[in-house]
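Student: Structure in structure tokens, see below.
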Amino acid sequence: MGLNEQGLSEAPRDVVRRQYLASAAGDLDALRATLAPDVEWTEMAGFPLAGTYRTPEGVTSGVMERLGQDWEGWAAHDDTYVVDGENVVVLARYTATHRATGNPLAVRVAHHFVVRGGLIVRFEQFVDTAKVRDAAAS
Numbered sequence: 000m001g002l003n004e005q006g007l008s009e010a011p012r013d014v015v016r017r018q019y020l021a022s023a024a025g026d027l028d029a030l031r032a033t034l035a036p037d038v039e040w041t042e043m044a045g046f047p048l049a050g051t052y053r054t055p056e057g058v059t060s061g062v063m064e065r066l067g068q069d070w071e072g073w074a075a076h077d078d079t080y081v082v083d084g085e086n087v088v089v090l091a092r093y094t095a096t097h098r099a100t101g102n103p104l105a106v107r108v109a110h111h112f113v114v115r116g117g118l119i120v121r122f123e124q125f126v127d128t129a130k131v132r133d134a135a136a137s
């Protein structure tokens with residue numbers, strides 16, 4: 000894999016890792032820079048933000064900003080990467096505290112990314128949505 004105009008690796012694993020780092024830093028501009036203009040970002044059915052978001056701005060406003068409103072310290076801790084060509088599966092965990100209930104969240108998650116041309120074109124989340132709902136319940 001080559002480098003993009005900014006001198007960053009276009010290798011799928013590296014692109015996905017930059018997305019996690021940008022998210023952890025709260026750098027939505029850097030996060031959007033990892034996403035294709037026609038990205039399809041799907042949050043799992045049963046998750047509070049379930050649905051498919053399109054465009055980098057749609058992802059950050061519909062998912063990232065809303066997570067920050069509802070959860071204190073929301074973080075996705077990326078642990079293990081499995082890469083097969085353009086497909087990257089990340090085993091991770093979410094941690095946060097729900098702002099309204101004060102309940103903590105700690106749940107395992109799997110993310111499937113498809114990276115083409117140095118940009119994320121598709122994302123799909125797999126998570127135990129019952130644990131997320133329980134943390135949000137009073």
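In this text, residue positions in the sequence shown follow numbering that gives the first Met the number 0: the first is 0, and each later residue adds one.
Each residue gets a CB set at the ideal place from its N, CA and C atoms; glycine is no exception.
The model shown is predicted, which means the values in this text are computed figures rather than measured ones.
#1: Taking only the alpha-carbon atoms, compute the straight-line gap between residue 35 and residue 100 and give it to the nearest angstrom.
#2: What does a CB cutoff of less than 6 Å around residue 94 pick up in its chain, not counting 5 residues either side in sequence?
#3: Compare the Cα-Cα distances from residue 17 to each of 131, 117, 84 and report the closest residue.
#4: For residue 10 and residue 137, what's the separation of their Cα atoms in angstroms?
#5: For the candidate residues 1, 66, 14, whose alpha-carbon lies nearest to that of residue 121?
#6: Looking only at its chain, what residues have a beta carbon closer than 6 Å to the beta carbon of residue 55, apart from the 5 residues adjacent to it on each side?
#7: With a CB to CB cut of under 8 Å and the five nearest residues on each side skipped, what residues in its chain are close to residue 37?
Tutor: So, from the listed chains and residues:
#1: What you label residue 35 is simply residue 36 of the sequence shown in a count that begins at 1. What you label residue 100 is simply residue 101 of the sequence shown in a count that begins at 1. Approximately 35 Å, taken between the alpha carbons.
#2: Here residue 94 refers to the residue found at position 95 of the sequence shown. Same-chain partners within the cutoff: 74, 105.
#3: Within the sequence shown, residue 17 is the residue found at index 18, counting from 1. Looking at the Cα atoms, 117 is the closest of the given residues.
#4: Taking the sequence shown and counting its residues from 1, one reaches residue 10 at position 11. Taking the sequence shown and counting its residues from 1, one reaches residue 137 at position 138. Taking C-alpha positions only, residue 10 is separated from residue 137 by approximately 43 Å.
#5: For the purposes of this step, residue 121 is taken as residue 122 along the sequence shown, with counting starting at 1. Distance check between residue 121 and each of 1, 66, 14 places 14 closest, using alpha-carbon atoms only.
#6: One-based indexing of the sequence shown puts residue 55 at position 56. Residues 31, 34 of the same chain have their beta carbon placed closer than 6 Å to that of residue 55, with the five preceding and five following residues left out of the count.
#7: Counting from 1 along the sequence shown, the entry for residue 37 is found at position 38. So the qualifying residues of the chain are 53, 54, 120.
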